[in-house]
Structures are given as C-alpha cells and as structure tokens.
Amino acid sequence: MSDATPIAIIGAGPAGLIAADVLSAAGRRVVVCERMPSVARKFLMAGRGGLNLTHSEPFEHFLTRYGETAPRLKPILEAFTQDDLIAWANALGAQTFIGSSGRVFPKAMKASPLLRAWLQRLNKQGVEIVTRAAWTGWTEDGALQFANRTPIYASQTLLALGGASWPRLGSDGSWRDILVARGVGVAPFRPSNVGFNVAWSEYIRRFAGEPLKSIAIQHGERVVRGEAMITEYGIEGGAIYALSAELREQAPVTIHVDLRPALSVTEIAAKLECTRASDSLSTRLRKALGLTPLALALVYEGGPPPREPAALAARVKAIPVRLEGPRGLDRAISSAGGIEWKSLTENLELEAIPGTFAAGEMLDWEAPTGGYLLQASFATGVYAARAMLGRAPALAASPLH
Ligand SMILES: Cc1cc2nc3c(=O)[nH]c(=O)nc-3n(C[C@H](O)[C@H](O)[C@H](O)COP(=O)(O)OP(=O)(O)OC[C@H]3O[C@@H](n4cnc5c(N)ncnc54)[C@H](O)[C@@H]3O)c2cc1C
Numbered sequence: 500m501s502d503a504t505p506i507a508i509i510g511a512g513p514a515g516l517i518a519a520d521v522l523s524a525a526g527r528r529v530v531v532c533e534r535m536p537s538v539a540r541k542f543l544m545a546g547r548g549g550l551n552l553t554h555s556e557p558f559e560h561f562l563t564r565y566g567e568t569a570p571r572l573k574p575i576l577e578a579f580t581q582d583d584l585i586a587w588a589n590a591l592g593a594q595t596f597i598g599s600s601g602r603v604f605p606k607a608m609k610a611s612p613l614l615r616a617w618l619q620r621l622n623k624q625g626v627e628i629v630t631r632a633a634w635t636g637w638t639e640d641g642a643l644q645f646a647n648r649t650p651i652y653a654s655q656t657l658l659a660l661g662g663a664s665w666p667r668l669g670s671d672g673s674w675r676d677i678l679v680a681r682g683v684g685v686a687p688f689r690p691s692n693v694g695f696n697v698a699w700s701e702y703i704r705r706f707a708g709e710p711l712k713s714i715a716i717q718h719g720e721r722v723v724r725g726e727a728m729i730t731e732y733g734i735e736g737g738a739i740y741a742l743s744a745e746l747r748e749q750a751p752v753t754i755h756v757d758l759r760p761a762l763s764v765t766e767i768a769a770k771l772e773c774t775r776a777s778d779s780l781s782t783r784l785r786k787a788l789g790l791t792p793l794a795l796a797l798v799y800e801g802g803p804p805p806r807e808p809a810a811l812a813a814r815v816k817a818i819p820v821r822l823e824g825p826r827g828l829d830r831a832i833s834s835a836g837g838i839e840w841k842s843l844t845e846n847l848e849l850e851a852i853p854g855t856f857a858a859g860e861m862l863d864w865e866a867p868t869g870g871y872l873l874q875a876s877f878a879t880g881v882y883a884a885r886a887m888l889g890r891a892p893a894l895a896a897s898p899l900h
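If you're matching positions, the sequence shown starts at 500 in the working numbering and goes up one per residue.
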C-alpha cells in the first residue's frame, strides 16, 4: 500500500464526519463513503427538533445517562466533553445556548448552517466524500467492497454506519450480518427513545398531536418530569423516551401520569374544596387546576372520576395508562444494541478485524434524548480517529487537533 492509500470512513453521519475532521486536520488523506445521495440525513432530521447537541449538566450526572455502558464510555466522553462539543460547534460559527431544561442547542435551532460550515472545512482539509456508495463488505484481498462502485483499498477503516432506527434516513443496520460473518459480536437492535401503543378511547384520539406539558410519568420507583404527546396510536415524547428502555422490556405495562407534579394530593384537594360544589366536575378541575381539555379527558379516560376532593386529587396525580408495547425501529429516535464492547479494543478497534475501527450509534450503548445521543456519537468518532492517528485518544490536548 502506498503512502497515498487513504483512510476510509464508511458512513457520513456525525460520528464519521467528525472522525474525518480529526484525521484530515492531522494531514491524513481521508475518503468518506456514504450510501445515500447526500450526507448526514439523520443529523439534519435531528435539526428539525432544534438540534439538541448535548446537555449542560455536571459530567458525573451526565455519565449516568448511559446506564450500564457508562464505564466503557467514561474515558471516551472525558476525552471529548460536553464543553469540547460546544467549542467545536462555536468554531464552525454555530453559537449555542442552554435551554431551560439544561439542554444545549445551536442558536439557529437547526443543523443545516452547522453542517454547511463543517463540510466546507472538510473540503478545505482535502476530505473526499463519495455518496451513493453502499458498503457491502470486503473483497478476498481485503479491499472495501461496494454495491455500486469499484472497491477501495484503505490503510485503515472506520465504520460509522449508525444504528437501525429511522432506516429511510440511511442507517438500517444491514451491516450487522457482514460483521457477524467476520466474528464480530453484535447485540440485537431494539427500538430506543420510542413511542408506545395505547388503546385510547375514540374521545382521547381526537386530541392526537396535542402535548401534555409539565407532567410527570411514574413507573415503579422512577418518576420522570417532562412532556408527552398524545398520538393516534398512543403516546410519545421526552418523558416517555426517558423510560423507554425499561418500559420496552416490560410491556404491556401500566404507567401513571401525574398532571400536576408540582402540587401534593393535599394541596390539590384543598384547591378543589375551594370550588363551587354545584359546578360540574370538569369545571371544578379546570378552575382549580387549570387543566386543559386533553388533561380533563385523561381524568375521565379510566372511568367516572370520584367526586370527593382527596380521591379526585389522587386521580389527577396518578392516571393509569396501559402501554401495550413499543413502536417499531422505523420510528424510533435511536436503537439499542449494536457492536458488543467485548468485540472492541479500548481504542474502538474491532478485535476480529485489525485496522478496522467503529464509532457512533452502531456501538452497543443507549441513552435518553437530551443531547446524549449526539454527544456519544461525536465522542466515539473523535476517540477512534485519535486512536487511528496512533495517539493516546484520551490525552490529545485540544478537542480536534
Ligand atoms: C427524528 C430524530 C431526531 C433526533 N434528534 C436528536 C437530538 O436532538 N439530539 C441527539 O443527541 N440525538 C438526536 N437524534 C439521534 C442522532 O441523530 C443519532 O444518534 C446520530 O445521528 C447517530 O450518529 P451516527 O454517525 O452514529 O449515525 P448516523 O447519523 O445514522 O449516520 C450513519 C451514516 O451511515 C450511512 N450508512 C449506513 N449504512 C451504510 C452502508 N452500508 N454504506 C455506506 N453508508 C452507510 C447512513 O446512510 C448514515 O448517513 C435524533 C434522531 C432522530 C431519528
């Protein structure tokens, strides 16, 4: 292989593109191969929701969001922190702000300006991006093989092929069989950050598309405050997503929605007692608690509500909703499962295929929405790229160079 043999990056999502940034900034020749006609489609889709880049909470707390994979991700997230990601976005002209929930967004609230500036920089750094190049494995002599173009010889390869959610954006997990055939352990994909089916009454279905704001959802010992959205099929939104990993495994399962988490049962009962007993129950609930028509409908969903204030208050704070099961991978924000950690070295190199690294959502970790998905995708991309440069990934001085 000549000196000019490039490093190949397969998959032009956040993980692959940031690795291309690190490697090309260090003077390496990089070619990025992407199966879709354009790059970073899921990143652009994330931009439709404002592009929640990361979260501003303290690192120790931030790390816990990755559940049992936190120990493996710790050195990786320490080597490219929340602040590093913000500095990287700032350097590309995307000023960020911290929203009320602590989430970090670009001020533009979309991905396209950031992506444009990023692609310009990659172009200046000499990165070649080949679209409509669907990777299918390796030739007998070790070249990277594509469905619709000639093979590429690479000095090293980074696979950044994404998970298996929202496949029409390009990441469909079809790489699984290719890697399993080469002896790489891949945990089955499961939908993560996903809505759940609920057998709503016709009446509740009329509210499809309406949010339930400032609620809490309780499941067992866990209580998550946030928002949810009633849909034709059931329920989705941040508060549900935060619990989706455990709910997915236990469905069908009943959760409880607290419509007024800031008030205790006693406080709600006291407010109800101050309303006119001759008014209808709906009027009393609306006047005492300011419940929206959707929230009122939920109070009635499980049958006639009790009239006695304390019992009614208890209903408002714990409306049972039976989740039949999670929606499929095709509409999940992310996927659980992927390349098992035991198949990777500490440097994110595949044990079974030396010289081939992996990063991003294709690794076996999961996290709730809130910026955790992009942060880990970026951080693993940076980490793998630094390892490919032969540097100690955790010791590099600045975020990218
Ligand atoms: C609707 C939606 C909203 C989201 N919002 C947020 C958010 O606000 N904040 C957040 O943190 N996360 C969000 N996410 C999740 C986040 O976008 C992903 O976790 C992240 O994009 C994963 O990055 P990645 O580079 O690993 O994979 P991807 O972004 O999936 O990129 C992988 C790339 O590889 C390409 N590819 C796949 N197979 C092949 C092949 N065989 N050959 C060539 N190319 C291939 C794909 O086409 C794709 O371009 C959202 C996701 C969705 C669906």
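Idealized CB from N, CA, C, for every residue including glycine. Since we're looking at a predicted model, the values are computed, not measured.
Here's the rule: buried if 16 or more other CB atoms are within 10 angstroms of the residue's CB, otherwise exposed. What is residue i?
| i | result |
| --- | --- |
| Arg704 | exposed |
| Arg615 | exposed |
| Ser501 | With a pLDDT of 48 at Ser501, under the threshold of 50, the predicted position of this residue should be treated as unreliable, though the coordinate-derived value follows. Burial call: exposed. |
| Glu772 | exposed |
| Arg775 | exposed |
| Pro557 | exposed |
| Thr730 | buried |
| Lys770 | buried |
| Arg540 | buried |
| His554 | buried |
| Arg602 | buried |
Starting from residue i, follow the alpha helix (DSSP H) in both directions and report where the run begins and ends.
| i | result |
| --- | --- |
| Thr765 | 764–772 |
| Ala796 | 792–800 |
| Asp829 | From DSSP, Asp829 is part of no alpha helix (DSSP H); its letter is neither H nor E. |
| Glu577 | 569–578 |
| Met887 | 871–887 |
| Val521 | 513–524 |
| Thr656 | Note, Thr656: premise wrong, no alpha helix (DSSP H); beta strand (DSSP E) at 656–658. |
| Ile739 | 737–749 |
| Val820 | No alpha helix (DSSP H) contains Val820, which is instead part of the beta strand (DSSP E) from 818–822. |
| Ile677 | 674–680 |
Look up residue i in the DSSP assignment and say whether it is helix, strand or coil.
| i | result |
| --- | --- |
| Lys712 | strand |
| Met500 | Below a pLDDT of 50, predicted positions are generally treated as unreliable, and Met500, at 49, falls in that range; the measurement from the model is reported next regardless. Looking at Met500 - three-state DSSP - the assignment turns out to be coil, as it is neither helix nor strand. |
| Val693 | coil |
| Arg759 | coil |
| Trp587 | helix |
| Pro612 | helix |
| Ile703 | helix |
| Pro666 | helix |
| Leu643 | strand |
| Ala776 | coil |
| Pro867 | coil |
| Gln717 | strand |
| Ile847 | With the sequence shown as reference, residue 847 is identified as Leu, and Ile is not the correct amino acid for it. It is coil, neither helix nor strand. |
| Glu731 | coil |
| Thr635 | strand |
| Arg724 | strand |
| Ala895 | The predicted model places Ala895 with a pLDDT of 45, which falls under 50 and marks its position as unreliable; any figure quoted below should be read in that light. It is coil, neither helix nor strand. |
| Glu860 | helix |
| Pro808 | helix |
| Val683 | coil |
For the beta strand (DSSP E) containing residue i, list its first residue and its last residue.
| i | result |
| --- | --- |
| Thr906 | Since the first and last residues shown for the chain are 500 and 900, residue 906 lies out of range. |
| Gly836 | 833–838 |
| Pro605 | 602–605 |
| Phe596 | 595–597 |
| Thr855 | 855–857 |
| Glu627 | 627–629 |
| Lys507 | The identity of residue 507 in the sequence shown is Ala, whereas the question assumes Lys. Looking at the DSSP string, the run of the beta strand (DSSP E) that includes Ala507 is 506–509. |
Practice item. Could you tell me whether the region 577–589 touches the region 866–882, where touching means 3 or more Cβ pairs closer than 8 Å? Key: Pairwise C-beta distances place the region 577–589 in contact with the region 866–882, as three or more of them are shorter than 8 Å.
Exercise for review: State whether the region 788–799 contacts the region 754–763, with contact taken as three or more CB pairs (one from each stretch) at a distance under 8 Å.
Suggested key: With contact defined as three or more Cβ pairs closer than 8 Å, the region 788–799 and the region 754–763 are in contact.
Exercise for review: Entirely within the region 530–566 and at least 4 residues each: give me those alpha helix (DSSP H) ranges in chain order.
Suggested key: Correct list: 540–547, 558–563.
Practice item. Could you say if the region 856–864 and the region 642–662 meet the contact criterion of at least three C-beta pairs nearer than 8 Å? Key: By the Cβ criterion, the region 856–864 is in contact with the region 642–662, since at least three pairs of Cβ atoms, one from each stretch, lie closer than 8 Å.
Review point. Three or more beta-carbon pairs under 8 Å between the region 547–567 and the region 600–613, yes or no?
Key: They touch, by the three-pair rule.
Review point. Are at least three pairs of beta-carbons, each pair with one atom in the region 834–846 and one in the region 680–699, less than 8 Å apart?
Key: By the Cβ test, the region 834–846 is in contact with the region 680–699, since at least three Cβ pairs between them sit closer than 8 Å.
Review point. Would you say the region 741–751 touches the region 669–686, given that touching needs at least three Cβ pairs under 8 Å?
Key: Judged by Cβ distances under 8 Å, the region 741–751 makes no contact with the region 669–686, as fewer than three pairs qualify.
Check your understanding: Are at least three pairs of beta-carbons, each pair with one atom in the region 839–846 and one in the region 517–533, less than 8 Å apart?
Key -> No contact exists between the region 839–846 and the region 517–533.
Exercise for review: May I ask you to verify whether the region 812–828 touches the region 731–740, counting CB pairs closer than 8 Å and requiring at least 3?
Suggested key: Yes: at least three Cβ pairs fall under 8 Å.
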